[in-house]
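Under the numbering used here, the final residue of the sequence shown carries the number 153; numbering is consecutive throughout. We put the beta carbon where it would ideally sit given N, CA and C, even for glycine. For clarity, every value in this text was computed on a predicted model and none was experimentally measured. Report on the following structure.
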Amino acid sequence: MRIVVDTNVLVSAFVSATSSPARILDLWRAGDLEIVTSQAALDELQRVLLYPRIRTRLRYSNDQIDQFVALLRKHAL
């Protein structure tokens, strides 16, 4: 199955590991669905995840964020 995700969905997945958006990422990581997005959306995601008000809510380091966005760039459609 393919799904188109908005930046807000991906940010929500990062903020809360138990949210529905986080479940979408879990399914993607397991290979049960494909994420469809654009380079512009991924650029926005990387930028938004580094906003101070978002950073305070994240449980990931900047390196982990960079690695995840790189993984999306490589494997998302």
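- Contact annotation: LEU121 and LEU86 have beta-carbon atoms nearer than 8 Å.
- Residue state for ARG78 is assigned as strand, using DSSP reduced to three classes.
- Less than 8 Å separates the beta-carbon of VAL112 from that of ALA152.
- Distance from the Cα of SER137 is smallest, within the candidate group PRO97, ARG129, LEU125, for LEU125.
- The C-alpha of SER114 lies about 10 Å from the C-alpha of ASP82.
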